[in-house]
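To start, the structure under review is shown below, and the notes come after it.
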Amino acid sequence: MSPAMTIIVINGVILLLCYLVLFPVIVRDNLQKLAVNDLFAFVVAMTVAGSLYMGTNVEIMVMGLSFNWFWFALCCYILLELPLALWYLNRYKLWPPAP
Numbered sequence: 207m208s209p210a211m212t213i214i215v216i217n218g219v220i221l222l223l224c225y226l227v228l229f230p231v232i233v234r235d236n237l238q239k240l241a242v243n244d245l246f247a248f249v250v251a252m253t254v255a256g257s258l259y260m261g262t263n264v265e266i267m268v269m270g271l272s273f274n275w276f277w278f279a280l281c282c283y284i285l286l287e288l289p290l291a292l293w294y295l296n297r298y299k300l301w302p303p304a305p
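What follows is the structure, given as structure tokens:
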């Protein structure tokens, strides 16, 4: 599997596990717990990707732009998380914030 696909799968599995299994049980409708647990999930995703690619000089090409593993993993994580986070916030009525 290519480094890009590996990072996408790592991020996707971590995010799906968090937003569909762990967060509904641990976090529910608490925005502070969501932020802390989401930060933990991000650190886990970056640690796993880093353990695979840190120091390897892997370059990932996306639409003609070259990214190293860190920036690709970060951008990929953000793009994968946005729809899941918005869905979760709407599901538990955390967004938009109450006036």
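Each residue of the sequence shown is one higher than the one before, counting from 207 in this note's numbering. By construction, the Cβ of each residue, glycine as well, lies at the ideal position given by its N, Cα and C atoms. All figures in this text were calculated on a predicted structure; none of them were measured in a lab.
Residue i versus residue j: straight-line alpha-carbon distance, rounded
i, j, result
"D244", "A291", "9 Å"
"K299", "G218", "24 Å"
"L285", "P230", "21 Å"
Residue i versus the options, residue with shortest Cα-Cα distance
i, options, result
"F276", "Y225, G256, M269", "G256"
"C281", "I213, N236, V254", "I213"
"A251", "P302, S208, L223, I232", "L223"
"L240", "V254, V249, Y225", "Y225"
"Y283", "M207, I216, S208", "I216"
"M211", "T253, I266, P289, F248", "I266"
Residue i - DSSP class collapsed to helix/strand/coil
i, result
"N217", "helix"
"S257", "helix"
"W293", "helix"
"W301", "coil"
"M207", "coil"
"T262", "coil"
Beta-bridge pairing of residue i - partner residues as DSSP gives them
i, result
"S272", "M267"
Contiguous alpha helix (DSSP H) assignments of at least 4 residues, all confined to the segment 221–245: Those alpha helix (DSSP H) runs which fall completely within the segment 221–245 and span 4+ residues are 229–232.
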